[in-house]
Structure formats: C-alpha cells, structure tokens
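Residue numbers (full-length UniProt numbering), protein chains in the order written: chain C, 1 to 173; chain D, 1 to 346. All remarks here apply to the structure that follows.
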Amino acid sequence: MIYLVLALAVCFVLGGLAVASNPSPYYGVVGLVLASVAGCGWLVSLGASFVALVLFMVYLGGMLVVFVYSVSLAAEPFPEGWVGQGVVGYVVGLILVMVVGIVVGDFVGSWKFGVDTVDGVGLLSVRLDFGGVAVFYSWGVGMFLMAGWGLLLALFVVLELVRGLSRGAIRAV
Amino acid sequence: MSPYTKLIITTSLLLGTTITLSSSHWMMAWTGLEINTLAIIPLISKSHHPRAIEAAVKYFLTQATASALILFSSLINAWTTGQWDITHLTHPTSCLLMTTAIATKLGLAPFHFWFPEVLQGSSLTTALLLSTVMKLPPISILYLTSHSLNSTLLTIMAIASAAIGGWMGLNQTQTRKILAFSSISHLGWMTIIVTYNPTLTLLSFYLYTIMTSAIFLTLNTTKATKLSTMLISWPKMPTLNATLMLTLLSLAGLPPLTGFLPKWLIIQELIKQEMAPTTTIMAMLSLLGMFFYLRLAYHSTITLPPNSTNHMKHWHLTNQVTFPIAIFTSMSIALLPISPMTLPTP
C-alpha cells in the first residue's frame, strides 16, 4: 500500500516538472492536472478526503475551466510541442535540480510517505479535515475574512492590470 | 487609475501591513504579506510603460517566492513542533528557510537583485511606498524571529548588503536606483545588529524611513529622476534644495545629523559584542555610500550649472512644498539630540 502513495508522490513531482518545463501553457496545464490529481490522491491516503474533494473541485472544475476559456480567447495558432527547441534542456535541468534537492535535503533516508494519518478514530467524532473547515467558519472567521479579501483583491488587481485593452498594462489583450 | 481601484489598493496596503504587524500566527503573517504584494502590483505598473510592467512582474515573482518560503518554513516548524507561534520558531530547517525568505522580502544581498530594477520601473511615490511601507512587515517579522534566525547567515548577508549597496550605487545616475542601493546598504546595517540588540534594528528602520521619505518626497516635488534634473532644480525651490543636501548627508550617517544615531549605537553595540573587525568593515563600506550621497548633494546644492547671468529663481511656482516634506525633513536633520532617550531608564 505504501507504494501507491510513493507512486502518487512521484506523479506529483513529475506533474510539477511538466508545468515548470512546459513549451507552451497548453501543455503545461496537462502537468498541472496530473499534479493536482496526484495531490488529491495523496491527501485521500492521508485521510483528509473532504479537503481532497474540495481541492479537486476548485482546482480542476474552477481554475482549470477559467484557464481553458481565457486561453481559447487568446490562442496561439502554432504552439510549440513537447518535442521542440529547448524543452529537453529544461526537463534535464529541472531533473538535476530535483536530484540535488533530494540528496542535499536528505529525503532519501526517510521513506515516510503516508505513514501518519490525520483523522481520529471513534463513533461520534468529527473528521479532522471537516472539523477544520467548521473551525474556519466559527472561531477562525477572522482568517476566513482575510483570505476572502485576499482572493477578492486578486480579482481586482487582475481587472486593473488588464483594463484598457491594448493601451493597458497587458498589451496583448 | 479609477478612484475605486485606488481606494481598494490603499485599503489593502493598510490592511495587509496591519495584519502582519499584529499577528502571532504564521498564517496571518503570510496572509498580510500576500495582500500587500497583490495590492502594490497595479501601483507599480500604473504608468503602463514596458519598464514598469517588467518591474511589476519581477516584484511579484520574487515576493511570491519569498512568501512561499515563509509558508514552507512555518509548515515545517508546525509539522515538527505542533505550533504556529511566530516567536517560537525552533526547527533548524525552518530557521534557515525563514532567514532566506526574510532576506528576499527585504532585499538583502545576495537576494537584492530585484530591488533596483523594481524601484527604477515605478514612480517616485510608489518607490517611496516600496522602500518604507512594504519593508515594515518583513522588519517586524525579523524583529520577532531574531532569536531563531541563523546569525552567521545574517551577518554575512549584512556585510554583503553594505558592500553591494555601496559599490553598486557608485556608478548610477538615476536617483531611484541610487536610493535603492542606499536602502540595501541601510538594511545591511539593520541586519547586522538584529541578533544582538533587535531594538536597534527597529530604531535604525524608523529613522531610515523618516530620512528616505524626506528624500523621495523632495525629489518628487521637482520630479528629479536623474542627476541632470537635480542639477537644474535649484531655481525652483532654493530652500528645499538646501534642506535636500542636509537630508542626504543625514542619510549618509554624518554627525550631527539624525542619520548618525543608528550607526553610532550599532557600532557601540557591536564593539561591546567584541566584533571590532566587523564594525571596521561596515564603517569602511559606508564610506562608499558617503561618496554617492556627496555626489547627489554636489549635483543638487553645492554646484550651480553654467547659466546665463540673469538666470534667477523662477517667479511662478507650480509645485508646492507640502506639509509631510517639512515634517520629515526637520526630523531627519535635527533628531540627534534625542539620543539620551535610547539609554535604559534607571
């Protein structure tokens, strides 16, 4: 069973690698989908199934859809593919960075993937991730409001940056 | 920019700074820093010039990386110790990561490369915000975590910042880049003392904020972004020019002006900690900064450019010297006599 979590972790890292070394955003988002699916699977294996489902829905059902719509409005007719100019160089370079990070950070010695779980046992106890969401709305409402304001602010900032069509900050729009 | 956008940006800047300053949980500190980063991006790219857009992108990428490092450091600490308190950062990996994250947020060498270009791409008032208000949350985090940060790395970064701030500022003609390197060098002075007496870091930061606000606001009155503009700004506001010279020398750390106070107290504390070679090196590296401050003062006040003989002070003034300039200038020239207040009360 531990190898399932290891496989999910490897897929997560490979997805991140694909995003970072993408030749064009259309192929980068494939890596993002792979990384988010693997991340959701990893969270489920740790016991946080509610948070995993929320991540899945918001990431793939929200952000990915918005990305697809915006990309279809501003599409390149001939994007570069995976077999292209400098893609292999990027992939090799990022694999080297990963190997250096694993060796220097000494992650090889402790294969502790998915050993600890975060949910408690019992008949009437609340699951930790679901209980955490409840805390977010009750005792942690300050953080909720601040996080909500931060997200709304991101929307306003993006709207301000693309305002003005071709006279605005992002001139390609 | 539309007034609604300005309101949202101003509110978010104040909110983000207040959240980080008043937080004891790492999540709230990180949230405040992210809100600040997001809110200032439209301000940097306001002029829609390609240099401004590039500056906004560079600022966003570096600050987002630093915020991610802060998040990772606090997560590692929470995973191993089980608590999220800012003052109780104990795991060694967390401490090292946090040191580099704070250095990137502030612009300490060797993580300073974004700072001159971001400042050059923004207007003078936005550059003022970037040098003073946006440094306040990271300095507060530096103050709160000063006992847990890696002191060797901090000392190395401080000396490197003083060196780079001094040397790189020597070849600049754009005033915003000169002030960026001056900021880097002052951050070096603030960082070298943080593990021994963090109160001196705060004092140094407050006085630096006052002096650099005076300089930025003065330069903004005549829109002096280059040395050549400073050369011809004397007929517009002669009094402001004279006070500009004194404020620049105060920023350089010359007694009997205010800027001498932090350097004096920091040198005293470092000598008490038996770090005399470090102190000598820092003092010598500040001399490099002294040269370009003197050059700025020379170009603005000490020299008059070749002009016709009947060239006089302009009679029609279009730009006004505002109230904050008067406040900050007088504070940055005349605050040295408050130094006995830094002594501990008996």
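Where is the CB? At the ideal position from N, CA and C, for every residue including glycine.
DSSP three-state assignment for residue i, whether helix, strand or coil
{"i": "His48/D", "result": "coil"}
{"i": "Gln120/D", "result": "helix"}
{"i": "Tyr59/C", "result": "helix"}
{"i": "Gly81/C", "result": "coil"}
{"i": "Leu254/D", "result": "coil"}
{"i": "Ala169/C", "result": "coil"}
{"i": "Pro138/D", "result": "helix"}
{"i": "Glu76/C", "result": "coil"}
{"i": "residue 351/D", "result": "Residue 351/D falls outside the range modelled here, since chain D spans only 1 to 346, and no answer is possible."}
{"i": "Asn36/D", "result": "helix"}
{"i": "Phe111/D", "result": "coil"}
{"i": "Gly132/C", "result": "helix"}
{"i": "Ile41/D", "result": "helix"}
{"i": "Ser21/C", "result": "coil"}
{"i": "Leu6/C", "result": "helix"}
{"i": "Lys6/D", "result": "helix"}
{"i": "Leu13/D", "result": "helix"}
{"i": "residue 348/D", "result": "Since the first residue of chain D shown is 1 and the last is 346, residue 348/D is not available in this structure."}
{"i": "His186/D", "result": "helix"}
{"i": "Met341/D", "result": "helix"}
{"i": "Ile19/D", "result": "helix"}
{"i": "Thr117/C", "result": "In this predicted model, Thr117/C has a pLDDT of only 44, less than 50, meaning its place in the structure is not dependable enough to derive any value."}
{"i": "Thr145/D", "result": "coil"}
{"i": "Ile193/D", "result": "coil"}
Counterpart residues of residue i in DSSP-defined beta bridges
{"i": "Gln320/D", "result": "The partner list for Gln320/D (beta bridge, DSSP) is empty, contrary to what the question assumes."}
{"i": "His25/D", "result": "Asp85/D"}
{"i": "Lys226/D", "result": "Gln174/D"}
Nearest residue (CA-CA) to residue i, options the options
{"i": "Gly121/D", "options": "Ser47/D, Thr145/D, Ala103/D", "result": "Ser47/D"}
{"i": "Ala147/C", "options": "Glu34/D, Ser161/D, Ile102/D", "result": "Glu34/D"}
{"i": "Val65/C", "options": "Gly168/C, Glu76/C, Ile102/C, Val33/C", "result": "Val33/C"}
{"i": "Ile9/D", "options": "Leu14/C, Val83/C, Ser72/C, Leu161/C", "result": "Leu161/C"}
{"i": "Ala56/D", "options": "His112/D, Ser73/D, Thr37/D", "result": "Thr37/D"}
{"i": "Ala29/D", "options": "Ile139/D, Leu119/D, Leu128/D, Pro116/D", "result": "Ile139/D"}
{"i": "Ser72/C", "options": "Leu96/C, Tyr26/C, Leu60/C", "result": "Tyr26/C"}
{"i": "Thr329/D", "options": "Thr155/D, Asn241/D, Ser123/D", "result": "Asn241/D"}
{"i": "Ser207/D", "options": "Thr221/D, His186/D, Thr225/D", "result": "Looking at the sequence provided, one finds Leu at residue 207/D rather than Ser. Considering only alpha carbons, the answer is His186/D."}
{"i": "Phe115/D", "options": "Met275/D, Ile159/D, Phe60/D", "result": "Phe60/D"}
{"i": "Ala334/D", "options": "Pro255/D, Leu144/D, Leu270/D, Gln268/D", "result": "Pro255/D"}
{"i": "Gln63/D", "options": "Arg51/D, Ser45/D, Ile40/D", "result": "Ile40/D"}
{"i": "Ser146/D", "options": "Leu89/D, Phe181/D, Ile70/D", "result": "Leu89/D"}
{"i": "Met57/C", "options": "Ser24/C, Trp42/C, Val37/C", "result": "Val37/C"}
{"i": "Phe323/D", "options": "Leu144/D, Thr218/D, Thr20/D", "result": "Thr218/D"}
{"i": "Leu153/C", "options": "Thr152/D, Thr191/D, Asn319/D, Leu13/D", "result": "Leu13/D"}
{"i": "Ser24/C", "options": "Val83/C, Val92/C, Val51/C", "result": "Val83/C"}
{"i": "Leu304/D", "options": "Ser228/D, Thr243/D, Thr247/D", "result": "Ser228/D"}
{"i": "Ser2/D", "options": "Gly28/C, Phe156/C, Ile170/C", "result": "Phe156/C"}
{"i": "Tyr293/D", "options": "Pro235/D, Ala109/D, Ser250/D", "result": "Ser250/D"}
{"i": "Leu343/D", "options": "Ser24/D, Leu261/D, Met331/D", "result": "Leu261/D"}
Distance between residue j and residue i (C-alpha atoms, nearest Å)
{"i": "Thr199/D", "j": "Leu170/D", "result": "30 Å"}
{"i": "Gly16/C", "j": "Gly101/C", "result": "14 Å"}
{"i": "Phe12/C", "j": "Leu15/D", "result": "35 Å"}
{"i": "Trp149/C", "j": "Val158/C", "result": "14 Å"}
{"i": "Ser183/D", "j": "Ser49/C", "result": "48 Å"}
{"i": "Val44/C", "j": "Ile215/D", "result": "56 Å"}
{"i": "Gly253/D", "j": "Ser233/D", "result": "24 Å"}
{"i": "Val99/C", "j": "Ile102/D", "result": "26 Å"}
{"i": "Thr80/D", "j": "Ser73/D", "result": "11 Å"}
{"i": "Arg163/C", "j": "Val19/C", "result": "28 Å"}
{"i": "Tyr298/D", "j": "Leu71/D", "result": "46 Å"}
{"i": "Ala162/D", "j": "Leu69/D", "result": "24 Å"}
{"i": "Leu119/D", "j": "Pro50/D", "result": "14 Å"}
{"i": "Thr191/D", "j": "Gln83/D", "result": "27 Å"}
{"i": "Thr301/D", "j": "Leu43/D", "result": "31 Å"}
{"i": "Met98/D", "j": "His314/D", "result": "53 Å"}
{"i": "Ser17/D", "j": "Ile141/D", "result": "According to the sequence shown, residue 17/D is Thr rather than Ser. Each residue's alpha carbon lies about 11 Å from the other."}
{"i": "Leu317/D", "j": "Thr222/D", "result": "11 Å"}
Opening and closing residue of the alpha helix (DSSP H) in which residue i lies
{"i": "Ala52/C", "result": "49 to 56"}
{"i": "Ile210/D", "result": "198 to 221"}
{"i": "Arg295/D", "result": "276 to 297"}
{"i": "Gln268/D", "result": "260 to 272"}
{"i": "Leu43/C", "result": "25 to 46"}
{"i": "Trp167/D", "result": "151 to 169"}
{"i": "Gly148/C", "result": "141 to 161"}
{"i": "Lys105/D", "result": "92 to 106"}
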